[in-house]
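These notes concern the structure reproduced below.
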Amino acid sequence: MPLEGSPLCVDGVSNLIKLEKEIGGVQPALKKLHTLSQQFVAALEDRTKTRFVCGFHAVPSCLPLHYHVLSHDLRGVKMNSKEHWNSFTRRDFFVSAEVVLRAMQSGVELDMCTDKKENVDQSLRCPTCEDELDSLAKMKEHRRHCRSLRQIFKL
Numbered sequence: 376m377p378l379e380g381s382p383l384c385v386d387g388v389s390n391l392i393k394l395e396k397e398i399g400g401v402q403p404a405l406k407k408l409h410t411l412s413q414q415f416v417a418a419l420e421d422r423t424k425t426r427f428v429c430g431f432h433a434v435p436s437c438l439p440l441h442y443h444v445l446s447h448d449l450r451g452v453k454m455n456s457k458e459h460w461n462s463f464t465r466r467d468f469f470v471s472a473e474v475v476l477r478a479m480q481s482g483v484e485l486d487m488c489t490d491k492k493e494n495v496d497q498s499l500r501c502p503t504c505e506d507e508l509d510s511l512a513k514m515k516e517h518r519r520h521c522r523s524l525r526q527i528f529k530l
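Residue numbers for the sequence shown follow the numbering used here, beginning at 376 and rising by one.
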């Protein structure tokens, strides 16, 4: 795995797409990673009856860029701060692997939030009904009962 500061340390989704354009080889590797993760997700979904999504933060919290497998219920024990919540529920900050692959194939530039501070400063909002709540505990409880049919993740 490349170390931070090395030429292949990718520090964001836009640079991942740029690297594919410049030297190639990224798209096949990402497709393979995504295919393997989808097999893992299928087994998880079958066992847990919960949907999952795979993707990246537009700007990762730590380097190098890394891949997330995330449940749609967003109620996991590791989801423990407003900043963490916002980093996964903002459609312009968490980008699904499908969206990244389509952008690589089409050459279309993605509209993403690249300012971590802007992301952190956002209020807590339900990603489906957009209700604003004042604590993560209340948000997780709200998510148990939210009936909005709006899709959480852009796929």
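Note that CB positions come from ideal geometry on N, CA and C, so glycine has one too.
Fair warning: this is a prediction, and the values are worked out from it, not measured in the lab.
How about the stretch 415-433 and the stretch 463-474: do they share at least three Cβ pairs that are nearer than 8 Å? Contact check between the stretch 415-433 and the stretch 463-474: three or more CB pairs, one atom from each, fall below 8 Å, which counts as touching.
Three-pair Cβ contact test at 8 Å for the stretch 475-491 versus the stretch 439-452: no
Restricting to Cα atoms, I'd like to know which of Glu507, Leu499 and Leu394 is closest to phenylalanine 463. Numbered from 1 along the sequence shown, position 88 holds the residue referred to as residue 463. Of Glu507, Leu499 and Leu394, the residue nearest in Cα terms is Leu499.
Whose C-beta lies closer than 7 Å to the C-beta of valine 416 among residues of the same chain, with five residues either side of it excluded? Translated into positions along the sequence shown, residue 416 becomes position 41. Phe427, Cys429 and Val444, listed in sequence order.
Span of the alpha helix (DSSP H), counted from its first residue to its last, around serine 481: Locating residue 481 in the sequence shown gives position 106, where the first residue counts as 1. 472-481 is the span of the alpha helix (DSSP H), which, as asked, contains serine 481.
Drop a sphere of 10 angstroms on the beta-carbon of isoleucine 398, count the other beta-carbons inside from all chains shown, and report buried for 16 or more, exposed for fewer. Here residue 398 refers to the residue found at position 23 when the sequence shown is read from its first residue. Exposed, by the Cβ-count rule.
Could you name the residues of the same chain whose beta carbon sits closer than 8 Å to that of asparagine 461, not counting the 5 residues immediately before and after it, in chain order? Counting from 1 along the sequence shown, the entry for residue 461 is found at position 86. Counting only Cβ-Cβ distances below 8 Å, and skipping sequence neighbours, we find Phe468, Asn494, Val495, Gln497 and Leu499.
Quickly, what does DSSP pair glycine 430 with across the bridge? List them, please. On the sequence shown, position 55 is the one that residue 430 refers to. According to DSSP, glycine 430 bridges with His443 and Ser471.
DSSP on glutamate 484, reduced to helix/strand/coil? For this step, residue 484 is matched to residue 109 along the sequence shown. In this structure, glutamate 484 counts as coil in the three-state DSSP scheme.
Sub-7 Å separation of leucine 411 and valine 401 beta-carbons: On the sequence shown, position 36 is the one that residue 411 refers to. On the sequence shown, position 26 is the one that residue 401 refers to. Not in contact: leucine 411 and valine 401 (Cβ atoms no closer than 7 Å).
8 Å contact criterion, which leucine 391 and tyrosine 442 should meet: CB distance rounded: As a first step, residue 391 must be located in the sequence shown, where it is residue number 16. As a first step, residue 442 must be located in the sequence shown, where it is residue number 67. At roughly 11 Å, the Cβ-Cβ gap does not stay under 8 Å, so leucine 391 and tyrosine 442 are not in contact.
How many angstroms separate the CA atom of alanine 478 from the CA atom of histidine 517? Residue mapping note: residue 478 aligns to position 103 of the sequence shown, counting from 1. Residue mapping note: residue 517 aligns to position 142 of the sequence shown, counting from 1. Spanning the two alpha carbons is a distance of roughly 33 Å.
Could you have a look at arginine 522 and say whether DSSP puts it in helix, strand or coil? In the sequence shown, residue 522 corresponds to position 147, counting from 1. Coil at arginine 522, not helix or strand.
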